[in-house]
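Okay, so the sequence shown: first residue is 0 according to numbering that gives the first Met the number 0, each after it adds one.
Beta carbons: idealized from backbone N, C-alpha and C, even for Gly.
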Amino acid sequence: MFQDAGAAQATTSHEAKSSPSGSTVQRSKSFSLRAQVKEACAACQKTVYPMERLVADKLVFHNSCFCCKHCHAKLSLGSYAALHGEFYCKPHFQQLFKSKGNYDEGFGRKQHKELWAHKEVASGTKTA
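This is the structure in structure tokens:
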């Protein structure tokens with residue numbers, strides 16, 4: 000009884016595959032005939048194919064085009080720092096953009112040097 004139902008399903012599915020009007024072709028679900036969207040490299044403006052695609056800060060690059068603006072060394076996702084859409088290796092980023100001075104300036108406070116100068120003027124003594 001169960002075998003008859005299974006045999007009936009097998010014959011109907013087999014008949015659907017090979018119909019007299021033409022053969023139906025089944026494709027995998029991951030394959031699509033849609034045209035792929037071509038992405039352009041942010042550095043060279045050429046097409047980036049999936050095998051050479053690298054995304055950093057929402058920009059698409061070729062692996063070879065993703066390099067430091069200062070020294071042109073090849074960068075990776077773990078070895079870059081970005082500022083205003085420009086990419087740098089970490090050593091050059093620190094060299095070029097490291098803030099000089101103390102932490103008080105960065106937080107909007109007066110520098111300690113100015114506080115010392117006011118104390119010296121108020122006391123009237125100045126050391127040479």
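Per-residue burial, residue i [other beta carbons within 10 Å of its own, 16 or more giving buried]
i: V47; result: buried
i: F65; result: buried
i: A72; result: exposed
i: A39; result: exposed
Bridge partners - residue i, DSSP secondary structure assignment
i: E38; result: V47
i: E85; result: L82
Straight-line gap, residue i to residue j (C-alpha atoms, nearest Å)
i: L58; j: E113; result: 44 Å
i: F86; j: K97; result: 15 Å
i: L95; j: L76; result: 20 Å
i: Q44; j: H83; result: 19 Å
i: H69; j: H91; result: 7 Å
i: S147; j: Q93; result: No answer is possible for residue 147: it lies beyond the span of the chain, which begins at 0 and ends at 127.
i: H61; j: A42; result: 8 Å
i: V36; j: A81; result: 26 Å
i: L53; j: S78; result: 13 Å
i: K89; j: C67; result: 9 Å
i: E51; j: L74; result: 14 Å
i: P49; j: D56; result: 17 Å
Where residue i sits in the DSSP three-state scheme
i: H61; result: strand
i: L53; result: strand
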